[in-house]
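Keeping their order, the protein sequence lines are chains B and G.
Going by the working numbering, the first residue of the first sequence is number 3, and it counts up by one from there.
Going by the working numbering, the first residue of the second sequence is number 10, and it counts up by one from there.
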Amino acid sequence: MSGCPFSGKEYQFKITYSTTEEEDDSQRGIDKAAKGGLIYGKYLQLDKILNAQALESEKRHSKSHDEHLFIVTHQAYELWFKQVLWELDSVRELFIQNHVPDERNMLKVVSRIHRITVILKLLVNQFAVLETMTPLDFFDFREYLFPASGFQSLQFRLLEIKVGVADNRRVPYNRQHYRENFHGQESEDLLRSEQEPSLLQLVEKWLERTPGLEEDGFNFWGKLQANIEEGFKLKMQKLEKEPDSERKEDMLQDLKKQREGFTSLFDSNHHDDLLRKGERRLSYKGLQGALMIYFYREELQFQIPFQLLNSLMEVDTLMNKWRYHHVCMVHRMIGSKAGTGGSSGYHYLRSTIGDRYKVFVDLFNLTTYLVPRDWVPKIEPQH
Amino acid sequence: MSGCPFLGRKYQFAHNTTEEEDDSQKGVNNAAKGGIIYGDYLKLDKVLNAQVLQSELRGNKIHDEHLFIVTHQAYELWFKQVLWELDSVRELFVQNHVRDERNMLKVVSRIHRITMIFKLLVDQFAVLETMTALDFFDFREYLSPASGFQSLQFRLLENKIGVADNLRVPYNRQHYRDNFHGQESENLLRSEQDPTLLQLVEKWLERTPGLEEDGFNFWGKLQANIEEGFKLKMQKLEKEPDSEMKEDMIQDLNKQIEMFTSLFDSKRHDHLLSKGERRLSYKGLQGALMIYFYREEPRFQVPFQLLTSLMEIDTLMTKWRYNHVCMVHRMIGSKAGTGGSSGYHYLRSTVSDRYKVFVDLFNLATYLVPRDWVPKLNPNIHKFPYTAECSDSSYSSCSSCSGEESD
Numbered sequence: 003m004s005g006c007p008f009s010g011k012e013y014q015f016k017i018t019y020s021t022t023e024e025e026d027d028s029q030r031g032i033d034k035a036a037k038g039g040l041i042y043g044k045y046l047q048l049d050k051i052l053n054a055q056a057l058e059s060e061k062r063h064s065k066s067h068d069e070h071l072f073i074v075t076h077q078a079y080e081l082w083f084k085q086v087l088w089e090l091d092s093v094r095e096l097f098i099q100n101h102v103p104d105e106r107n108m109l110k111v112v113s114r115i116h117r118i119t120v121i122l123k124l125l126v127n128q129f130a131v132l133e134t135m136t137p138l139d140f141f142d143f144r145e146y147l148f149p150a151s152g153f154q155s156l157q158f159r160l161l162e163i164k165v166g167v168a169d170n171r172r173v174p175y176n177r178q179h180y181r182e183n184f185h186g187q188e189s190e191d192l193l194r195s196e197q198e199p200s201l202l203q204l205v206e207k208w209l210e211r212t213p214g215l216e217e218d219g220f221n222f223w224g225k226l227q228a229n230i231e232e233g234f235k236l237k238m239q240k241l242e243k244e245p246d247s248e249r250k251e252d253m254l255q256d257l258k259k260q261r262e263g264f265t266s267l268f269d270s271n272h273h274d275d276l277l278r279k280g281e282r283r284l285s286y287k288g289l290q291g292a293l294m295i296y297f298y299r300e301e302l303q304f305q306i307p308f309q310l311l312n313s314l315m316e317v318d319t320l321m322n323k324w325r326y327h328h329v330c331m332v333h334r335m336i337g338s339k340a341g342t343g344g345s346s347g348y349h350y351l352r353s354t355i356g357d358r359y360k361v362f363v364d365l366f367n368l369t370t371y372l373v374p375r376d377w378v379p380k381i382e383p384q385h
Numbered sequence: 010m011s012g013c014p015f016l017g018r019k020y021q022f023a024h025n026t027t028e029e030e031d032d033s034q035k036g037v038n039n040a041a042k043g044g045i046i047y048g049d050y051l052k053l054d055k056v057l058n059a060q061v062l063q064s065e066l067r068g069n070k071i072h073d074e075h076l077f078i079v080t081h082q083a084y085e086l087w088f089k090q091v092l093w094e095l096d097s098v099r100e101l102f103v104q105n106h107v108r109d110e111r112n113m114l115k116v117v118s119r120i121h122r123i124t125m126i127f128k129l130l131v132d133q134f135a136v137l138e139t140m141t142a143l144d145f146f147d148f149r150e151y152l153s154p155a156s157g158f159q160s161l162q163f164r165l166l167e168n169k170i171g172v173a174d175n176l177r178v179p180y181n182r183q184h185y186r187d188n189f190h191g192q193e194s195e196n197l198l199r200s201e202q203d204p205t206l207l208q209l210v211e212k213w214l215e216r217t218p219g220l221e222e223d224g225f226n227f228w229g230k231l232q233a234n235i236e237e238g239f240k241l242k243m244q245k246l247e248k249e250p251d252s253e254m255k256e257d258m259i260q261d262l263n264k265q266i267e268m269f270t271s272l273f274d275s276k277r278h279d280h281l282l283s284k285g286e287r288r289l290s291y292k293g294l295q296g297a298l299m300i301y302f303y304r305e306e307p308r309f310q311v312p313f314q315l316l317t318s319l320m321e322i323d324t325l326m327t328k329w330r331y332n333h334v335c336m337v338h339r340m341i342g343s344k345a346g347t348g349g350s351s352g353y354h355y356l357r358s359t360v361s362d363r364y365k366v367f368v369d370l371f372n373l374a375t376y377l378v379p380r381d382w383v384p385k386l387n388p389n390i391h392k393f394p395y396t397a398e399c400s401d402s403s404y405s406s407c408s409s410c411s412g413e414e415s416d
């Protein structure tokens, strides 16, 4: 017999329903909507949402079937951008209003940043739907889109700015032109987003307040520096006792390089230099706070903060994946043609992939400075 | 140093411009010269100004309600897209455009696109699942009596694919029309009366080349081969020395023979049809099995992809229902739904084969046979050549005839 559990006599569903008790109860109920009150379609304003699809190709009497998919996909992206901004603004507000020193609010912060990452994951997966459109079918209606372009998406820019993308790190075409697309109220919104504290700036201030950094207190940084110097000294001594060989020379070189790397970590002038260049984004104190949370993540008060740092890196990673998926699709769709908005198209978009737009780049780079557990300054129980 | 490839001197943005960087950054801003822009094209003034929190209207703004609204709006946007694709495919069948087999690529691509959208919609639950039951409780009271049960597009989707009215679970069957009035009610009625995807695919399957009794006569040949095949197997088995294992194997073989005998019993098929356990006509079933067995023939390759995609639609709809039910259970436990149903228990009853439209395609796997039992195609006689009964593809010079859209 077939392996299907539904085709034996046991589950044959006759139209005259032999009712089991469960089926009876589950099928009980009334239809409340008949009595008036809020209905689904009104609640969700579907008259607006579902009457917002007007094909340009149809207006020009050359209706292209796939243009509908193109429109709906972009509208779905913008809906979710709005949701991400809703979450992002609420988190920024918690920091701005100083509600985060009450650590009970940290659950909200972490949950909402995590929610943003779940949405971004969906948005990365969403490209697969538009990828069912062939370049040939896109070509049939693309001419009607000029000069509209994703480059004019206000919410995307607000997202970048509010997370913390640095203006001086934008690639030239981006930096020169992106404001020009917005006027009136939109332009004001954009300006305001540049002036208000970004997530990066708020997280930086929060990191600077990490308990344990106080020089007259636990003095994490001072202790760490001492432990690392001691640790390398011992390693060096042990290595020098070895019989001479070429391998010993190589290992000595490696050790010296590592020590140099750590020396630069404790050089605040070096940090400021990189900060100016835009290669680091956090203040020196903020960096210390982050490394403190990494090393002591299992302490109760650092567990949630550690999750937050991970989620912030996830936001960067997903934004980058989004850009990369976008660029791959655009390459397939238009090859090397210029974009409808006037950029070089694929080549411009490709230049936006990478660390320039990585806001929490320092959190990633901190793993350069991980040390053996026994080099980490011990915490006394009362701390 | 850090492992970041961008930190070396090579990419320092103190503009050491490489040629690539120069060219990629060249360009103008077209929008400055006027013309349609992004926000207008996508009517974002409508789409992005459609989020009004009930909790806020009642003076008790709950943060998570915004997520609830946007998630449902995203679902409805994609439902509209699925209906767009579905209607275009139904139209190709209804207008008989599928007789020009060049149109089959469009059919298969669009049905496949529907499955891609559904995959996304199944994944989309994960976003709403970031809302806790506790946070939902804070604003749920303001939603009554609005309910997903009132989603017109969801019903249109079910009807147009081919969900049978008499197979809907009782609460569903009794109440789902009550929610729609005026134009919506007319649309709903029309979706019940117009040919469904199932009905259109059934007619198409009945036309599968090779079924003709005075032609290749696939069904007759298959029945003969299966009878012969089992006869030989039985003879071989009976020659074995007697043993308990031999008895068991003979029992199994008899069961299989019985099952295949029922396959060729058209009265039995009609009986199951009347019960709703089968949905395709007997001839349609034969066409589907023909496509399965001969899927590698060029003429059947794309049709085979279509049958696979149709089953994928059923599977994904079921997964959608299941994901929905799991989430609802977590959110409201055993409470009644805002629309008046029993809630979780009602929804759970809809995760069933009753709502599986192309159930026959799944069950055909019951009747697979060894390759050498499949009637041979004589390449000199049975070429199944493609002969266009009409020329209708959008790429032909006929695309301008009858002022058709390039569809």
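Beta carbons: idealized from backbone N, C-alpha and C, even for Gly.
Per the C-alpha coordinates, the member of 290/B, 364/B, 344/B positioned closest to residue 38/G is 344/B. Within chain B, the residues 113, 116, 117, 120 have their CB atoms less than 8 Å from the CB of residue 139/G, given in chain order. The CB of residue 70/B comes closer than 8 Å to the CB of 90, 93 in chain G, given here in chain order. Residue 83/B: member of the alpha helix (DSSP H) spanning 69-98, first to last residue.
When 349/B, 367/B, 332/B are compared, the shortest CA-CA separation from residue 144/B is found for 332/B. Interface annotation for the region 321-345 of chain B against chain G: 340, 341, 342, 343, 344, 345, criterion Cβ-Cβ distance under 9 Å. Assigned with DSSP and collapsed to three states, residue 338/B falls in coil, not helix or strand. For residue 50/G, the enclosing alpha helix (DSSP H) stretches over residues 47-50. Shown here, residue 156/G sits in coil according to DSSP, grouped into three states, outside any helix or strand. Straight-line measurement puts the Cα of residue 150/B at about 32 Å from the Cα of residue 116/B. Chain G has a Cβ within less than 7 Å of the Cβ of residue 84/B. Listed along chain G, no residue sits closer than 8 Å to residue 87/B by beta-carbon distance, the nearest being about 10 Å off. In this structure, residue 350/G lies near residue 31/B, with their beta-carbon atoms less than 7 Å apart. Restricted to the region 191-232 of chain B, the alpha helix (DSSP H) segments that are unbroken, complete and at least 4 residues in length are 201-210, listed in chain order. Note that the C-beta distance between residue 118/B and residue 80/B is not below 7 Å. Here the alpha carbon of residue 341/G sits roughly 23 Å from the alpha carbon of residue 121/B. For residue 97/G, the closest C-alpha among the options 235/G, 363/G, 173/G, 209/G is that of 209/G.
The C-beta separation of residue 120/G from residue 87/G comes to about 15 Å, leaving the pair out of contact by the 8 Å criterion. Counted as a single uninterrupted DSSP element, the alpha helix (DSSP H) harbouring residue 81/G occupies residues 74-103.
In this structure, DSSP gives residue 343/G a state outside helix and strand, which the three-state scheme calls coil.
When the beta-carbon positions are compared, residue 169/G and residue 95/G come within less than 7 Å of each other. At a cut-off of 7 Å, the C-beta of residue 106/B has no neighbouring C-beta in chain G.
Interface with chain G (7 Å Cβ-Cβ cutoff): residue 230/B is excluded.
Here residue 209/B really is in contact with residue 284/B; their C-beta atoms are around 7 Å apart, less than 8 Å.
About 19 Å separates the Cβ atoms of residue 201/B and residue 296/B, ruling out a contact at the 8 Å cut-off. Close to chain G, meaning a Cβ-Cβ distance shorter than 8 Å, are the following residues of the region 25-46 of chain B: 25, 27, 28, 29, 30, 31, 32, 33, 34, 35, 36, 37, 39, 40, 41, 42, 43, 44, 45, 46. DSSP links residue 271/G through a beta bridge to no other residue. Nearest in C-alpha terms to residue 130/B, of all of 354/B, 326/B, 374/B, is 326/B. In the three-state DSSP reduction, residue 66/B falls in the strand class (E or B). For residue 174/B, the uninterrupted alpha helix (DSSP H) run begins and ends at 174-179, by DSSP.
Annotation for residue 152/G: 347 place their beta carbon closer than 6 Å to its own, counting only its chain and skipping 5 residues before and after. Secondary structure of residue 311/G (DSSP, three-state): helix. Distance from the CA atom of residue 66/G to the CA atom of residue 149/G, rounded to whole angstroms, is 14 Å.
272/G is the residue among 306/G, 272/G, 308/G whose C-alpha sits nearest the C-alpha of residue 292/G.
Under the Cβ distance rule, residue 95/B does not count among the residues neighbouring chain G, no pair being separated by less than 7 Å.
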